[in-house]
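Engineer: Reminder that position 210 of the sequence shown reads as 210 in full-length UniProt numbering, one-by-one numbering, no gaps.
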Amino acid sequence: MEILKILNNNVVIVTNEEHEEVILMGNGLGFQMKAGAQVNEEKVEKVFKLENQVEPEQIEKVFSEIPEEIISISYEIVSYATRTLDKKLNEIAFIAIADHLHSAIQREKNNIQVKNFLLWDIKRFFPNELKIARKAIQIVNQKLAVNLTDDEAGFLALHITNAGIDNSHEDAVSLTQLIEEILTVIKYTLKINFVENDIYFQRFITHLKFFSERVLKNNALEKEENQVENELFLLVTNQYPEAFEVTKKVAELLKTRRNYTISKDEQVYITIHLARIIEKTRD
């Protein structure tokens, strides 16, 4: 297989025997190699054949931004999850997990901790995935000297769950319509066109699926807000004012059409997602 592009020391894009572009991962696979060289197949540990789920350009962008140690750990997590769950995870899982961990570590370094308001539901409905995610967070914390919380384990469990299930749902039509309503408000407020194969957009869609189910069931969060959560809300909304303005538009939509009041926790997480999309769309 001929190397088309080297993403980093451990990841390369090649042309396989069927003349398809695939991504290969392996320790030292791209080290001191050049485009046009034949790959050392003995070093290949993982093959990513994307099958149009994600464009190669988007993969390249993600790999170029994420440190190699996070990429390596993410591969370990997916391999461990595949063995433990005894089922195949779709190929986008590795990329989504690597991107999420990178973002989580950046937030931790900036002292921004996002409360996972779905954690109780995750513990109840996805206990095996959460167990794997907690183990993964332990590995990340030990190897990278960070302190990611159980909330992040919950978010990671959602990525693992999403990678191992299909998207069927008995309320799929209602769910799709609601997500489309929310995306329309975001699109026209920001005056942007979404790149639907973009990994950051896909992460937001994953969140919207779970969030929209709560809206459709009218399961608004009912709890007393504490000082820490109020401070986090002020921190995030002040740091990302444009994204927060869009979140308020979404809140108005849901209040008017669905009689649903978005909690501060929900506003924080939506705002962070939108800030990332705004940043990547306008790069």
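We put the beta carbon where it would ideally sit given N, CA and C, even for glycine.
Is it right to say residue 74 is buried, meaning 16 or more other beta carbons lie within 10 angstroms of its own, or is it exposed?
Structural biologist: By the 10 Å Cβ count, residue 74 comes out buried.
Engineer: Considering only C-alpha positions, which residue in the set 22, 39, 20 is nearest to residue 29?
Structural biologist: Residue 29 has its Cα closest to that of 39, out of 22, 39, 20.
Engineer: Given that a residue counts as buried once 16 or more other Cβ atoms are within 10 Å of its Cβ, and exposed if not, what is residue 167?
Structural biologist: Since pLDDT at residue 167 reaches only 46, below the 50 mark, its modelled position is unreliable, and the value read off the structure follows with that caveat. Its Cβ having fewer than 16 others within 10 Å, residue 167 is exposed.
Engineer: Among 278, 279, 256, 250, which one has its Cα closest to the Cα of residue 266?
Structural biologist: Answer by Cα proximity: 250.
Engineer: What residue does the alpha helix (DSSP H) around residue 122 start on, and which one ends it?
Structural biologist: It spans 119-125 - the alpha helix (DSSP H) in which residue 122 sits, taken as one unbroken run.
Engineer: If I follow the unbroken beta strand (DSSP E) through residue 2, where does it start and stop?
Structural biologist: Start and end: 2-8.
Engineer: Quick one: what's got a C-beta closer than 7 Å to residue 185's C-beta in the same chain, skipping five residues either side?
Structural biologist: Here the set comprises 249, 250, 253.
Engineer: Look at residue 71 and residue 102 and say whether their C-beta atoms are less than 7 Å apart.
Structural biologist: The answer is no: Cβ separation not under 7 Å.
Engineer: Helix, strand or coil: which one does DSSP assign to residue 195?
Structural biologist: If DSSP states are grouped into helix, strand and coil, residue 195 belongs with coil.
Engineer: Is residue 76 helix, strand or coil by DSSP?
Structural biologist: The answer is helix: DSSP assigns residue 76 an H, G or I state.
Engineer: Under 8 Å, with one C-beta from each stretch per pair, do the segment 187-198 and the segment 233-250 reach the 3-pair mark?
Structural biologist: In short, these stretches touch, since the Cβ pair count reaches three.
Engineer: Measuring straight from C-alpha to C-alpha, what distance separates residue 150 and residue 134?
Structural biologist: Cα to Cα, residue 150 sits roughly 7 Å from residue 134.
Engineer: Between the Cα of residue 118 and those of 76, 215, 107, spot the shortest distance and give me the residue it belongs to.
Structural biologist: Of the candidates 76, 215, 107, the one whose C-alpha sits nearest the C-alpha of residue 118 is 215.
Engineer: Do residue 95 and residue 199 count as a contact pair if the criterion is CB distance below 7 Å?
Structural biologist: It is a contact, given that the beta carbons lie within the stated cut-off.
Engineer: Report the three-state DSSP secondary structure of residue 285 (helix, strand or coil).
Structural biologist: Examination of residue 285 is not possible in this model, given that the chain is present from 1 through 283 alone.
Engineer: Tell me which residue opens and which closes the beta strand (DSSP E) that residue 21 is part of.
Structural biologist: From DSSP, the beta strand (DSSP E) with residue 21 extends over 21-25.
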